[in-house]
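Here the structure comes first, spelled out in structure tokens, and everything after it is commentary.
Numbering (the numbering used here), first residue to last: 374 to 652.
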């Protein structure tokens with residue numbers, strides 16, 4: 374039995390090998406893909422690219438495109454004879470920013486209902502000069518009469534500046550003055566229009582002859598009337614005959630001696646007008 378099985382196995386091996394070979398050929402005929410031999414042949418046929426093939430080569434420079442054509446004849450101005458040329462003045466600057474000077478300080482913004490700044494308890498330093506609330510104001514439209522001014526009438530001199538200041542102080546009487554000055558004062562002298570209620574201070578000074586009207590100002594006519602009527606500084610010197618005479622300067626008191634003793638011959642003795650010491 375063993376010999377029978379061994380013989381059957383030996384005969385079966387060649388039959389299986391033949392079946393496998395026939396099946397492999399059938400599979401190769403039905404396939405439409407690429408075989409390994411074809412792949413190897415195509416790989417061998419394709420040449421290898423060099424390593425530097427990825428670096429682009431130099432590109433030619435493109436010419437610069439002009440936005441418009443330029444006429445060489447229009448670039449250079451035409452030649453003109455010197456007789457036809459005329460020099461003209463330069464035009465005015467378009468704005469103040471082009472000027473070389475420093476910028477001007479901004480003007481203070483005034484309230485909508487502002488019609489002047491109230492100055493309380495004004496002090497007249499001269500006829501037409503007012504100081505109050507940190508302001509120093511010169512009434513506009515007049516020539517201020519300084520307090521040291523001297524006027525002459527028929528060869529007689531009198532201190533008209535002090536007289537004008539006194540009259541101006543009596544007119545103010547500590548009343549509130551309204552002047553067209555900024556709400557915030559400064560140390561500089563400001564020329565402005567001033568009034569007390571509805572009365573113009575400059576008009577009052579010129580009409581009464583305590584100030585001269587400025588040339589081209591609003592009080593020229595009033596100044597001419599005051600000069601014709603000889604008011605204020607245009608008038609005569611004040612009559613001082615009814616006033617008491619000025620008291621003479623008192624003699625200075627004798628200086629007190631430094632000591633009640635005087636030296637005589639190296640010996641200290643009491644002064645002659647000193648009483649003798651009590652015993």
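We treat Cβ as the ideally placed atom computed from N, Cα and C, and that holds for glycine. Note that the structure is a prediction, hence the values are computed from the model and not measured.
{"Asked": "For residue 562, which of helix, strand or coil comes out of DSSP?", "Found": "strand"}
{"Asked": "In three-state terms, what does DSSP make of residue 512?", "Found": "strand"}
{"Asked": "Output the boundary residues of the beta strand (DSSP E) element that contains residue 497.", "Found": "496-499"}
{"Asked": "Are three or more beta carbon pairs between the region 531-541 and the region 600-613 nearer than 8 Å?", "Found": "yes"}
{"Asked": "Give me the residue from 601, 503, 580 with the minimum Cα distance to residue 546.", "Found": "503"}
{"Asked": "Return the residue from the list 574, 388, 552 that minimises the CA-CA distance to residue 542.", "Found": "574"}
{"Asked": "If we count Cβ pairs, one from each stretch, closer than 8 Å, do we get three or more for the region 490-498 versus the region 576-589?", "Found": "no"}
{"Asked": "Which residue wins for smallest C-alpha separation from residue 572, given the options 550, 563, 554, 510?", "Found": "550"}
{"Asked": "Could you name each continuous beta strand (DSSP E) segment of 3 residues or more that falls completely within the region 568-594, going from the start of the chain to the end?", "Found": "none"}
{"Asked": "CB-CB under 6 Å to residue 394, same chain, minus the five flanking residues each way: which ones, in chain order?", "Found": "none"}
{"Asked": "Could you tell me if residue 515 is buried or exposed, where buried requires 16 or more neighbouring beta carbons within 10 angstroms of its beta carbon?", "Found": "buried"}
{"Asked": "Quick check on DSSP: helix, strand or coil for residue 416?", "Found": "Low confidence applies to residue 416: its pLDDT is 48, below 50, so where it sits in the model is not reliable enough to give any reading."}
{"Asked": "So what does DSSP say about residue 490, is it helix, strand or coil?", "Found": "strand"}
{"Asked": "Within 10 angstroms of the Cβ of residue 513, are there 16 or more other Cβ atoms? Answer buried if so, exposed if not.", "Found": "buried"}
{"Asked": "Buried or exposed, going by whether 16 or more other CB atoms sit within 10 Å of the CB of residue 492?", "Found": "buried"}
{"Asked": "Tell me whether residue 523 sits in a helix, a strand or coil according to DSSP, three-state version.", "Found": "coil"}
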